[in-house]
Each structure stands twice: as structure tokens, then as C-alpha cells.
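J.:
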Amino acid sequence: MTDSASPLSGLGAIGIIGVGRMGAGMWRCLRAAGTTARVFDAHAPATDALAADGAPVAPSAHELLAGADVVLVSLPTSPDVQTVIGDALDALRPATVVIDTTSGEPAVSRAIAATVQSASSAYLDAGISGGPPGALAGTLKIMVGGDEAAFSRVQPLLDVLGAQVWHCGGPGTGHAMKTALNLSNQGKMLLEIEALLLCGRAGLDPRQVAEVLELRTWSHFLLGDDGRRPFGFAVDLAVKDWGVATGVATEHKVPMPIAAACAQVMRAARAEAGSDADLIDVVRVMERWAEYDLDAGLGR
Numbered sequence: 013m014t015d016s017a018s019p020l021s022g023l024g025a026i027g028i029i030g031v032g033r034m035g036a037g038m039w040r041c042l043r044a045a046g047t048t049a050r051v052f053d054a055h056a057p058a059t060d061a062l063a064a065d066g067a068p069v070a071p072s073a074h075e076l077l078a079g080a081d082v083v084l085v086s087l088p089t090s091p092d093v094q095t096v097i098g099d100a101l102d103a104l105r106p107a108t109v110v111i112d113t114t115s116g117e118p119a120v121s122r123a124i125a126a127t128v129q130s131a132s133s134a135y136l137d138a139g140i141s142g143g144p145p146g147a148l149a150g151t152l153k154i155m156v157g158g159d160e161a162a163f164s165r166v167q168p169l170l171d172v173l174g175a176q177v178w179h180c181g182g183p184g185t186g187h188a189m190k191t192a193l194n195l196s197n198q199g200k201m202l203l204e205i206e207a208l209l210l211c212g213r214a215g216l217d218p219r220q221v222a223e224v225l226e227l228r229t230w231s232h233f234l235l236g237d238d239g240r241r242p243f244g245f246a247v248d249l250a251v252k253d254w255g256v257a258t259g260v261a262t263e264h265k266v267p268m269p270i271a272a273a274c275a276q277v278m279r280a281a282r283a284e285a286g287s288d289a290d291l292i293d294v295v296r297v298m299e300r301w302a303e304y305d306l307d308a309g310l311g312r
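Take our numbering: the final residue in the sequence shown is number 312, and no numbers are missing along the way.
(1) Any heavy atom of the ligand FMN closer than 6 Å to the Cβ of residue 231?
(2) Cα-Cα, which of 220, 301, 123, 268 is closest to residue 284?
(3) Using C-beta distances below 6 Å, list every residue in its chain close to residue 256, excluding the 5 sequence neighbours before and after it, in chain order.
(4) Under 7 Å, do residue 271 and residue 195 count as touching if we go by C-beta distance?
(5) Which word fits residue 47, buried or exposed, when buried means at least 16 other C-beta atoms lie within 10 angstroms of its C-beta?
(6) Pull the bridge partners of residue 155 from the DSSP assignment, please.
(7) Could you tell me the alpha carbon to alpha carbon distance between residue 221 and residue 142, rounded to whole angstroms?
(8) Using CA coordinates, which residue listed in 124, 76, 168 is at the minimum distance from residue 21?
(9) Who are the near neighbours of residue 299 in its chain, counting only those whose CB is closer than 7 Å to its CB and skipping five residues on each side?
(10) Can you find at least 3 beta carbon pairs, one from the stretch 75-90 and one from the stretch 201-216, that sit closer than 8 Å?
(11) Who does residue 241 pair with in a DSSP beta bridge?
(12) Quick one, are the C-beta atoms of residue 57 and residue 125 less than 7 Å apart?
(13) So the candidates are 147, 295, 274, 159; which of them puts its Cα closest to the Cα of residue 171?
(14) Which runs of the beta strand (DSSP E) spanning at least 3 residues fall entirely within the stretch 187-270, listed in chain order?
(15) Determine which residues share a DSSP beta bridge with residue 26 and list them.
(16) Rounding to the nearest angstrom, what Cα-Cα distance links residue 308 and residue 228 in this structure?
(17) DSSP beta-bridge partners for residue 111?
(18) Going by CA-CA distance only, name the one from 113, 36, 137, 159 that's closest to residue 149.
(19) What do you reckon, are the CB atoms on residue 278 and residue 250 nearer than 7 Å?
(20) If I follow the unbroken alpha helix (DSSP H) through residue 50, where does it start and stop?
(21) Hey, would you say residue 104 sits closer than 7 Å to residue 131, going by beta carbons?
(22) From what residue to what residue does the alpha helix (DSSP H) around residue 63 run?
(23) Beta-carbon within less than 7 Å of residue 63's beta-carbon, same chain only, minus the 5 sequence neighbours each way: which residues are those?
(24) Once DSSP output is grouped into helix, strand and coil, what is the label at residue 290?
(25) Output yes or no for whether 7 Å exceeds the beta carbon distance between residue 83 and residue 51.
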């Protein structure tokens with residue numbers, strides 16, 4: 013249901029499959045823009061919180077797809093999306109647009125696009141960055157691959173969810189761009205931790221190191237007076253992202269020795285910290301490896 017004054021009033025019925033932290037944030041963002049999207053999640057507690065706020069809940073993905081003109085999908089992996097869409101393909105109405113916001117595998121995204129196209133509908137792979145706060149505030153970066161006409165049709169929705177929106181090319185290119193962003197952000201993060209630990213062992217003040225190297229992320233999450241803050245992003249998901257990057261590199265025959273080393277570090281950190289650990293816990297693991305405690309170096 014969409015208010016007539018909403019910028020989304022011309023899109024028809026909107027649904028969301030997968031309302032974990034990202035999906036729930038997007039639902040609330042759309043609600044603030046005047047649209048109450050229908051939701052489905054196989055994990056019932058995820059929909060309960062939204063139902064309490066007025067979200068109509070579909071009993072199944074099949075039922076949601078049957079009644080939607082635009083569907084946002086936010087699931088953990090590309091195979092999850094492929095299964096959900098494949099199992100409910102007969103429910104898709106012609107000209108439905110499926111927007112897959114999973115941090116997905118480009119090759120699988122291309123296959124899903126072909127499957128959805130066979131049902132006379134469109135699939136857009138839409139890599140998103142900004143975390144749950146960005147989803148809630150409508151400040152995401154959104155990188156989209158797929159049919160340009162379908163992209164233009166749903167751009168009003170994407171503009172509500174994102175502060176920056178790009179059409180990157182054909183099917184799979186949105187998720188390829190998100191893979192590159194993950195590669196850059198997480199690789200830089202690991203190198204910055206190493207720089208902090210190296211300088212700490214060399215007797216330097218970690219806060220001064222962060223200032224000189226312009227480590228704004230770590231100044232916020234690690235070095236602030238109120239102590240360490242969680243990123244809100246699980247190490248297990250980071251390991252998945254590195255696996256996706258490795259798959260893309262293999263597909264295109266691009267050697268990536270630095271990325272391979274970073275992936276190995278992240279897997280080792282997960283083995284020590286646990287799959288449910290937050291990215292901030294990777295710092296603890298790397299501190300143990302370096303035998304240096306940043307908190308002690310900060311005098312706290």
C-alpha cells in the first residue's frame with residue numbers, strides 16, 4: 013500500500029523477501045516514504061517485529077511474489093536467492109521487477125536473471141553498502157546490474173533507499189561492483205589494523221598513528237574514549253565476501269595474491285573468534301598475533 017503523495021506511488025505493490033537487519037531497515041525506510049511493503053521471511057521472528065509496526069506479512073514467498081509488482085530480496089547468499097526465486101517462479105506476474113540486494117555471486121546473478129526473464133519479468137542485481145543504519149536512513153550506496161529499462165522503472169525506489177545509485181551494466185555487474193567494494197574496504201581494514209599494531213610495537217601513540225594515516229574508521233570504532241564499538245557485521249559474512257571475490261577472480265583468470273592473503277587472514281580470524289563474531293573481534297585476534305594490546309597502548 014502506497015500513499016498517493018509518495019514518490020513510489022506509480023510502482024504498484026512492493027514486497028520484501030528477507031527482513032533481517034538490512035531488509036527490516038529498508039522496510040522502515042520505505043514506510044517513512046509513504047509505502048507499506050508486504051514482507052516474508054522464513055524466520056518468523058524477523059517478521060513479527062515488523063508486523064507489530066503494521067507490516068502485512070505474506071504466508072510464503074510464493075504468495076508474496078504473486079501479489080507484487082516490485083520485489084526486494086535480502087538473503088544471505090546467491091544460492092538462497094536462486095532457490096527462493098526458482099521455487100516460486102510460477103507466481104511471478106509478467107513485468108515484475110525483482111531487485112536482489114544480496115552481496116551475491118555475479119555468475120549466479122546472471123543465471124537468476126535468465127530464469128526471471130523466462131517468466132517475462134526482470135531481475136536486477138543490486139549490491140548495497142552502508143549497513144543497517146544506511147538502510148534505515150536511506151543513505152545506502154546502490155550498485156545495480158541488469159536491464160536498463162527495468163532500472164529506470166524502479167529508480168524512484170532506489171533513490172529512496174540510497175544516497176548514491178549507479179547503473180553498472182548488464183546482469184551481474186552490480187554484484188561484481190559490490191564485490192570490488194568489499195575487496196577494497198575489507199583489505200584496507202586489515203592493512204590498517206596491521207599498521208596500528210606495527211606502530212604500537214614500535215612505541216608510537218595509536219591515536220597519533222590514526223591521525224597521520226587518516227584512519228577515521230578506527231578512530232570511531234576502536235580508538236574513541238568510550239572504547240571499542242561493534243561494526244554490526246559478522247566475520248562469517250566477511251569470509252563469504254572473500255569467497256565471492258575469489259570466485260570472480262577465478263572466473264576471469266585474474267591473479268589476486270594480496271586478496272588471497274587477506275582471505276586467509278579473515279578465515280584464520282574466524283577460526284579463533286567464531287563465526288558469530290563481529291568484525292571488531294578480528295582486531296583482538298590480530299592483537300594476539302602481534303602480542304600487542306591497543307587498549308594498553310591507549311592507556312585504558
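For each residue, glycine too, the CB sits at the ideal point set by N, CA and C.
T.: Reading off the structure:
(1) In the structure on display, the ligand FMN does not appear, and there are no ligands present to speak of.
(2) 301
(3) 117, 191
(4) yes
(5) buried
(6) 139, 178
(7) 26 Å
(8) 168
(9) 209, 305, 306
(10) The stretch 201-216 and the stretch 75-90 do not touch, with fewer than three beta-carbon pairs separated by less than 8 Å.
(11) Note: residue 241 sits in no beta bridge, so no partner.
(12) no
(13) 147
(14) Qualifying beta strand (DSSP E) stretches: none in this window.
(15) 82
(16) 20 Å
(17) 84, 136
(18) 36
(19) Closer than 7 Å, so yes.
(20) That residue, residue 50, is in no alpha helix (DSSP H); its beta strand (DSSP E) goes 50-52.
(21) Result yes, Cβ atoms of residue 104 and residue 131 sit closer than 7 Å.
(22) Start and end: 56-64.
(23) 69.
(24) strand
(25) no
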